[in-house]
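The next block holds one structure in the form of structure tokens; read it before the comments.
There are 2 protein chains.
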Amino acid sequence: MAGGDFLKELQAVLGPERLLTGTEDRWCYAFDAAAAQPKHLPLAVALPRSTEEVAGIMKLATAYRVPVYPRGSGTNLSGGVIPREDGLVISFVEMNNILELDIENLTATVQPGVVIQELNDAVAPYGLIYPPDPGSVATATMGGSVAESSGGLRGLKYGVTKDYVMGLEVVLADGTVFHCGGKTVKNVSGYDLVKLFCGSEGTLGIMTAITVRLTPAPEARRSMLAVFDRLEGAARTITGIIANKVIPATMEIMDNVTIRTVEAYCHAGLPVEAAAVLLLEVDGIPAVVEKEAAIVERVCRENGGQVRVARDDAERENLWTARRAALPACARLRPTTVLEDATVPRSKIPEMLLALERIARKYNVSIATYGHAGDGNLHPTITCDERDQEEMERVHRAVDEIFHTAIALGGTLSGEHGIGLAKQKYMELEFGASGVAVMQRLKQALDPLGILNPGKLVGPLPVKE
Amino acid sequence: MAGGDFLKELQAVLGPERLLTGTEDRWCYAFDAAAAQPKHLPLAVALPRSTEEVAGIMKLATAYRVPVYPRGSGTNLSGGVIPREDGLVISFVEMNNILELDIENLTATVQPGVVIQELNDAVAPYGLIYPPDPGSVATATMGGSVAESSGGLRGLKYGVTKDYVMGLEVVLADGTVFHCGGKTVKNVSGYDLVKLFCGSEGTLGIMTAITVRLTPAPEARRSMLAVFDRLEGAARTITGIIANKVIPATMEIMDNVTIRTVEAYCHAGLPVEAAAVLLLEVDGIPAVVEKEAAIVERVCRENGGQVRVARDDAERENLWTARRAALPACARLRPTTVLEDATVPRSKIPEMLLALERIARKYNVSIATYGHAGDGNLHPTITCDERDQEEMERVHRAVDEIFHTAIALGGTLSGEHGIGLAKQKYMELEFGASGVAVMQRLKQALDPLGILNPGKLVGPLPVKE
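Chains as they are written, first to last, in my numbering: chain C, 1 to 465; chain A, 1001 to 1465.
Written out as structure tokens, the structure is:
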């Protein structure tokens, strides 16, 4: 086995049980949830239990110049945690303690291995929520979620993960530990390192403790399904609701392809003939919910939508189960599911939706489009078969055009899935060579040996000698 | 004159009218609003009108290794724009155009010299506001405000400047221009450069265009004055209101010293015998305002506060004029006004208030304490005379103890004023040597010659040859 001395020293830090070197074990860490990406068996998998152990691992990794791949549950969709053969995966599943709930300051401090839903379960008795809710909320870890700055259904009103991270404990490439941010609501002391590490996809440092902001759970909420004969009607409704100064907690779209796919999968009673549906939820105190729901219904109707209001929790649950089924339903159709998250300014959503229809026809690929319509964060999902080279060629060209279109419309490569391996080649499209160079200089400043999740986000950098 | 060739080349870029070299002109740029800081006459003052001119200036500054001091209106309170003798001030007063109001996407794009209030005036007809409202809103520029990530009275509910900046055009030290962020509500593409440059105090790059998020103006609001016989009652009210899940738009405190000083200055009808007053405002749709105001009043009364509600706009204006008079009123008392913004977690506000009383007695200095109580961002203000060395020695020791106390309580050096020159020596207290080293590495990565506002925030760095 490669890296014998390194592994021997590592075992002295972790003990034999928490350093996996068996082939079967290592295979579990060779890939992540992103489709059509390479798979690589890592050298070994470390399962640290403390910040000190992580620091010890990084000191050894620096000494031996071994690439390190920090990993939560591996649910990311951009190839963010795929290792190389010569690299060590650090899995945080054993660092899964909620370190503190500070109800007075509305904060929680957690280790990176805490599952997002577990945090929400822990704060629910206090009438609080941790708003970021990626689709993978039941399995994804806080560490992975912060590293990817993941979003979710409530992003329109509540923002993404980085909007909730207040403080971090970080282990740098050389094993140095430091803290930034904290529990103060306002903090403009020095560079905003919290925001720099949040969303850095494990390329700048390893987060070993995370302090997040909690918010009071909304007192009331109302979920609605609006059914449209024409895609344009749905698109106009999205911008119309915002123009009426209502920011729904959630405003999701599913196009016809998605509706049919989901309905076949989970029989939620969706209208399979509709061009599109919007799933909407407003929340807050009852008077606000009442008022905003009325505006939402009116705007939907003005744009040709038929509105059904969920009458109880069961109907509400049914709606959101249908939306959450979009990805698994698509994934069932074909062996490979390429899920993108190109994002455009809100006003460009109609253009983007029409462009996606055009791109699907042009490359003869099946694109199901759904996603967080209110914030312009669509999820065009291409079902295909990665063993079919000719088809994949068309898929890649379609994806190329999706990103070029999003950027041309003033959009961005990622609303919530990150860059990882999958979107690296498009980085210059968004940031220009100068912008990418800025990011590479930051990466080199904090990880001069290039051992932290190398190859991700800013692409391969020369290892300095 | 020093820098002859540099200035000659610079004049070719800007013309003679927009390169100030006269002594009187240069004196206007030798200091900023921070007290007890050094003053230095800069080499010259450049007044660019375009991004291209800024890039041209930076190319020359790089070629001649001349330090550059970007500057808005100079209202910052941490010595952030004080030049050195061998440096060029770049004033952005002539880059003061609102480039775009995008009402559909709720964004505005401005040049750095736009005054904050001018932006608010421009968006008001659309029923929108740009929430950050530092005390200097009528004179401070957007560029300076973004560079400092300034806060203000509404910070508790609405956040600080960095929460509103969505996109930037940046000129780097070597004159390279690049863009980051944009108009998408969600954006997790690459490192969060927008947040890194925001609050970087001119040390990493120069912002030449700024895209900010606007929000709908609240439909209704209610202002209240709560009068307390005991400081503890006011402190308990602050945490009590939040514990009741009400986040007021504004929750300001003034202690007895401040009340007396303000009342003597502007005769607002404040209760001069009170130990403290809270000035509170809730806003939103009328039903929310009604409900939240009732909770606020109840919590005030439960903690011994007497509540007066502003019955009309005139009474409301009177209240906020009194609060905004705190700094000028204090400044009138003595020649020098040292205004700090140490910030603590909300639960530590009572302890911090008591500590400030103790520190004032211990060092025999006069501390007026007021500020943004709801977010723990207090403004202990020491009035003194910088010509009196013995007094200033006590002032500096009191300030030292204020920052040590804030950090010991889990707080931060700055809630909204930044680090600049004034608080640099405390940086290790908050971030440790490792954290400061991380910031210095980032600074060196983006400004290897150390010509961008050198000496600020991360302290002096060796100029690389």
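For every residue, glycine included, the Cβ atom is placed at its ideal position computed from N, Cα and C.
Selected residue, minimal CA-CA separation from residue i, among the options
i, options, result
"Phe431 of chain C", "C:Glu53, C:Leu225, C:Met254, C:Ile407", "C:Ile407"
"Gly303 of chain C", "C:Cys28, C:Pro70, C:Phe228, C:Gly415", "Note that residue 303 of chain C corresponds to Asn in the displayed sequence, not to Gly. Of the candidates C:Cys28, C:Pro70, C:Phe228, C:Gly415, the one whose C-alpha sits nearest the C-alpha of Asn303 of chain C is C:Phe228."
"Ile981 of chain A", "A:Ala1063, A:Ile1210, A:Ala1329, A:Glu1053", "Since the first residue of chain A shown is 1001 and the last is 1465, residue 981 of chain A is not available in this structure."
"Glu1548 of chain A", "A:Leu1278, A:Leu1156, A:Asp1163", "Past the boundaries of the shown model lies residue 1548 of chain A; chain A is included only from 1001 to 1465, so the question cannot be answered."
"Pro216 of chain C", "A:Val1194, A:Glu1219, A:Ile1247, A:Met1224", "A:Ile1247"
"Thr467 of chain C", "C:Asp385, C:Asp313, C:Ile57, C:Val309", "In the structure as shown, chain C starts at 1 and stops at 465, and residue 467 of chain C therefore has no counterpart that could be examined."
"Ala325 of chain C", "C:Arg236, C:Ala264, C:Asp312", "C:Ala264"
"Leu356 of chain C", "C:Thr321, C:Ser434, C:Val257, C:Gln424", "C:Val257"
"His396 of chain C", "C:Gln440, C:Ala35, C:Phe31, C:Cys28", "C:Ala35"
"Ala469 of chain C", "C:Glu24, C:Thr23, C:Lys39", "Residue 469 of chain C lies beyond the stretch modelled for chain C, which goes from 1 to 465, so this question has no answer here."
"Lys1183 of chain A", "A:Tyr1158, A:Gly1190, A:Ile1210", "A:Ile1210"
"Val1188 of chain A", "A:Arg1358, A:Gly1074, A:Gly1205, A:Met1166", "A:Met1166"
"Gly159 of chain C", "C:Thr250, C:Arg221, C:Ala331", "C:Thr250"
"Asn1105 of chain A", "A:Asn1453, A:Leu1128, A:Gly1190, A:Gln1117", "A:Leu1128"
"Glu1290 of chain A", "A:Val1262, A:Val1115, A:Val1272, A:Val1309", "A:Val1309"
"Gly284 of chain C", "C:Thr383, C:Lys157, C:Ala437", "C:Lys157"
"Leu14 of chain C", "C:Val212, C:His179, C:Lys443, C:Ser50", "C:Ser50"
Same chain, Cβ closer than 7 Å to residue i, neighbours up to 5 away in sequence not counted
i, result
"Val463 of chain C", "Only weak support is given to the placement of Val463 of chain C: the predicted model assigns it a pLDDT of 48, under 50, and the value that follows is read from those uncertain coordinates. Excluding residues within five positions, the ones whose Cβ falls inside 7 Å are Leu449, Gly450."
"Ala61 of chain C", "Val68, Leu88, Ile451"
"Glu1465 of chain A", "At Glu1465 of chain A, the pLDDT of 42 sits below 50, so the modelled position is not reliable and the matter cannot be decided from this model."
"Leu101 of chain C", "Ala108, Ala122, Val123"
"Glu1340 of chain A", "His1379, Pro1380, Val1399, Ile1402"
"Asn1120 of chain A", "Ile1129, Tyr1130"
With 16 other Cβ atoms within 10 Å as the buried cut-off, status of residue i
i, result
"Gln389 of chain C", "exposed"
"Ala1276 of chain A", "buried"
"Met1 of chain C", "The pLDDT assigned to Met1 of chain C is 44, lower than 50, so where the model puts this residue is not dependable; a value taken from the coordinates is nonetheless given after this. Classification of Met1 of chain C: exposed, given that the 10 Å Cβ count is below 16."
"Leu319 of chain C", "buried"
"Leu353 of chain C", "buried"
"Thr405 of chain C", "buried"
"Asn244 of chain C", "exposed"
"Thr1337 of chain A", "buried"
"Lys362 of chain C", "exposed"
"Lys1186 of chain A", "buried"
"Ser78 of chain C", "buried"
"Ala314 of chain C", "exposed"
"Arg1332 of chain A", "exposed"
8 Å contact criterion, which residue i and residue j should meet: CB distance rounded
i, j, result
"Thr1107 of chain A", "Leu1214 of chain A", "6 Å"
"Pro345 of chain C", "Gly376 of chain C", "6 Å"
"Ala1046 of chain A", "Leu1010 of chain A", "7 Å"
"Leu270 of chain C", "Met224 of chain C", "In fact, because the Cβ distance is near 14 Å, the residues do not count as touching under 8 Å."
"Ile1238 of chain A", "Val1296 of chain A", "The Cβ separation is near 11 Å, so there is no contact."
"Tyr1126 of chain A", "Ile1103 of chain A", "5 Å"
"Asn76 of chain C", "Gly144 of chain C", "6 Å"
"Val288 of chain C", "Ala1287 of chain A", "7 Å"
"Glu1292 of chain A", "Leu1153 of chain A", "That pair is no contact at about 17 Å."
"Gly411 of chain C", "Ala360 of chain C", "About 18 Å separates the two Cβ atoms, so there is no contact after all."
Contact set for residue i: own chain, Cβ-Cβ below 6 Å, skip 5 residues either direction
i, result
"Asp1447 of chain A", "Ala1173"
"Leu1457 of chain A", "Glu1201, Thr1203, Ile1419"
"Ala226 of chain C", "Leu278, Cys300, Gly305, Val307"
"Cys1266 of chain A", "Ala1325"
"Glu1017 of chain A", "none"
"Gly1459 of chain A", "Gln1424"
"Asp1255 of chain A", "Ala1276, Thr1369"
"Met222 of chain C", "Correcting the residue identity first, residue 222 of chain C is Arg in this sequence and not Met. If we look at Arg222 of chain C and ignore the five residues flanking it on each side, its Cβ neighbours are Val282, Val289, Ala293."
Beta-carbon contacts of residue i that lie in its chain and below 8 Å, excluding the five residues immediately before and after
i, result
"Asn364 of chain C", "Arg394"
"Lys1059 of chain A", "Asp1174, Gly1175"
"Leu7 of chain C", "Met1, Leu19, Thr21, Leu43, Ala44"
"Thr1321 of chain A", "Cys1266, Ala1268"
Near the ligand COA: residue i beta-carbon under 7 Å from a heavy atom
i, result
"Asp312 of chain C", "The model on display carries no ligand, and the ligand COA is accordingly not part of it."
Start-end ranges of the alpha helix (DSSP H) lying completely within the region 179–235 of chain C, minimum 4 residues: 193–197
My parser needs the beta strand (DSSP E) runs of 3 or more residues fully inside the region 1107–1141 of chain A; what are they? 1107–1110
Hey, which unbroken runs of the beta strand (DSSP E) at 3 residues or more fall wholly within the region 1306–1331 of chain A? 1306–1309
My parser needs the beta strand (DSSP E) runs of 3 or more residues fully inside the region 376–405 of chain C; what are they? 377–384
To test your reading of the DSSP string, which unbroken alpha helix (DSSP H) runs of 4 or more residues are found completely within the region 238–306 of chain C? 256–266, 286–302
What are the start and end residues of each continuous beta strand (DSSP E) run of 3 or more residues lying completely inside the region 326–363 of chain C, in chain order? 336–339
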